[in-house]
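Input: a single structure, listed below in structure tokens.
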Amino acid sequence: MQSNRLFPVFSIILLISSIIALSHASVTVSAESTSDDSLAEAGLSLIALRNDTLDTNQDGDNDAIRVVVVFNTEQENTNLELRLIGEYKDREVTEILQFTFSGQSNASLVYDAWAAGEHELRLQVVDQDGNIITTVQLPTYVLKPALQTPSITLALNAPERIETGDECTISRVFSDETGPRYGASGVRTFSGAPFTVLDSQDALDCSHWPAGDYMLKEAYRNDLGQTTEDWLNLTIHNRPAPDFSLLVNGDGNTTDTDCMVTMRQTDETIDFGSFQKIWRIQGAQIEGDIGDAYDCSILPAGVHLISLEVINDELIAAIDAVNLVRLPGDELTAEEKSVAPSRSYGEDTETESVGWISIGVLGLVVVVLSYLVLVRVKDDDEALPMRDLGPSPMILPDGSPDAEGLPTTTDDDGVLWRQHPDGDHDWWDTELRVWVRW
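Everything in the sequence shown is counted per this note's numbering, starting at 13 for the first residue and increasing by one.
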């Protein structure tokens, strides 16, 4: 009864063993089938040769071949080099193994497929002097690579509308397992950026790129002929100048009242904290960091031009200005009144009377001066000659210019010219209707 219970277990183990054997699809070649006189002359004998197909990524497709060889030698410290050569579409890749052994020893090499298709394999045995002892032709295998072929991805991380100074990065995702596996790494080329891009830069900072349209392209080609590329188009717009206005409190008030000029942003979502703010009075810059508001209470009476220039992080500036009127206070000292602008206090304004006598004398002087001027003008009218109206018109009865028989021509601007025998020229003045010497 116990043997009957164990029978299903042995059956399952046998089935699993069969499946594993089939999945490896091993091919073993005996020493007799691969015997070669060249090996014998080199003091070597090939005991066994085994080829195993591998599925390293477990996707159901064979992607590699493992070749195991067993040698025997009668010499001490035999140096050999094994070359496992795979050929695909007239392009070869080689796996090399160098080892030293005495007596019997085994060695293994793995060939990883680098392209999908038929790969023809052969094994070369090379002595320490680089001479090929023999070449063993191996089967042709249909393989699908597990090694990652070249790929490039350019990923943009930025706002939908990019303006100068916005957070902007471009991630460069690159991979190639095939080229480096066979020492066939290629060259990456990047074009379209305003600055030099190195292969070591996994991410590009485009936050400080100037405004413009960019067509970015990265391409790669390894020595196995595998290529890949990716494109990325982006536009960076010029950030507009800071938009703000000045709010004035105290305009038209006296100097003994409060006064304040405050900057007010048009768009509150923009952070003006890092922007440079330059305040000026009558064009002269005020020293120090004043901030968003200027206390104009300290200004004396008068009219003052107050301006504010705001410069953003991209050095784009905007200026706004206001004319501020400050009146003298009600209680001023004599010294303050002497330097303050004149101010009307209504009925209390102090005035000085010039008197009626002064007004009469002033009027008499004006009358006398006017009489003398009129008499002088009348006397001079008779002596004044008639104004010279210039030369008389030089025209023919039909109204055309009288060239006096001299040759004429009209230039591109429509001006009429005539030439004298000595080579001098006259041009016709259509307003005065006379010839004018050039």
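Backbone N, C-alpha and C fix where the C-beta goes; we use that ideal spot for every residue, glycine too.
Note that this is a predicted model, so its numbers are computed, not measured.
For leucine 258, the uninterrupted beta strand (DSSP E) run begins and ends at 256-261, by DSSP. Annotation: the continuous beta strand (DSSP E) that includes proline 151 extends over 144-155. Short of 7 Å from the beta carbon of alanine 125, and not among the five residues preceding or following it, lie these beta carbons of its own chain, in chain order: Asp75, Ala76, His131, Leu155, Lys156, Pro157.
In this structure, DSSP gives serine 319 an extended state, which the three-state scheme calls strand.
Looking at the DSSP output, threonine 266 sits in a beta bridge with Leu339. Between the region 89-106 and the region 58-73 there are fewer than three C-beta pairs closer than 8 Å, too few to call the two in contact. Between the C-alpha atoms of tyrosine 123 and glycine 129 there is a straight-line separation of about 14 Å.
Close CB contacts of aspartate 211 within its chain, under the 6 Å cut and outside five residues either way in sequence, are with Arg200 (chain order). Rounded to whole angstroms, glutamate 443 and proline 433 show a C-alpha spacing of 26 Å. In the DSSP annotation of this structure, arginine 445 is not part of any beta strand (DSSP E), being labelled neither H nor E. The C-beta separation of threonine 274 from alanine 305 comes to about 4 Å, placing the pair in contact by the 8 Å criterion. Taking 8 Å as the upper bound for CB-CB distance, glycine 204 and leucine 228 are in contact here, some 4 Å apart. For arginine 134 and glycine 142, the gap between their C-alpha atoms comes out near 17 Å. A Cβ-Cβ distance of about 25 Å is found for the pair glutamine 213 and arginine 173, leaving them out of contact under the 8 Å criterion.
For a cut-off of 8 Å, the C-beta gap from threonine 147 to threonine 112 is around 21 Å, too long to register as a contact.
Taking the C-beta atoms as reference points, valine 448 is found nearer than 8 Å to aspartate 438. A residue is called buried when at least 16 other Cβ atoms come within 10 angstroms of its Cβ; valine 373 does not meet this threshold and is exposed.
Collapsing the DSSP output to three states places leucine 311 in coil. Spatial neighbours of valine 260 in its own chain (CB-CB distance under 6 Å, excluding positions within 5 residues in sequence) are listed in chain order as Val273, Val334. In the DSSP annotation of this structure, the continuous segment of the alpha helix (DSSP H) that includes glutamate 53 starts and ends at 49-53. Across the structure, alanine 119 and phenylalanine 202 are spaced so that their CA atoms are roughly 43 Å apart.
The Cβ-Cβ distance between threonine 161 and glutamine 238 falls below 8 Å. Apart from the 5 residues on each side of it in sequence, tyrosine 226 sits with its Cβ closer than 6 Å to the Cβ of Gly204, Leu246 in its chain, given in chain order. Within the same chain, Ser114 come within 7 Å of glutamate 88 by CB-CB distance, once the 5 residues on both sides are set aside. In the structure shown, arginine 251 adopts coil according to DSSP, grouped into three states. Distance from isoleucine 302 to lysine 289 at the Cβ level is roughly 7 Å; contact confirmed, criterion being Cβ atoms closer than 8 Å. In the three-state reduction of the DSSP assignment, leucine 381 falls in the helix class, which pools H, G and I. Beta-bridge analysis with DSSP links tyrosine 226 to Leu246. For threonine 68, the three-state secondary structure derived from DSSP is coil. A residue is called buried once 16 or more other Cβ atoms fall within 10 Å of its Cβ, and glycine 417, having fewer, is exposed. In this structure, DSSP gives glycine 191 a helical state, which the three-state scheme calls helix. Distance from asparagine 234 to aspartate 188 at the Cβ level is roughly 6 Å; contact confirmed, criterion being Cβ atoms closer than 8 Å.
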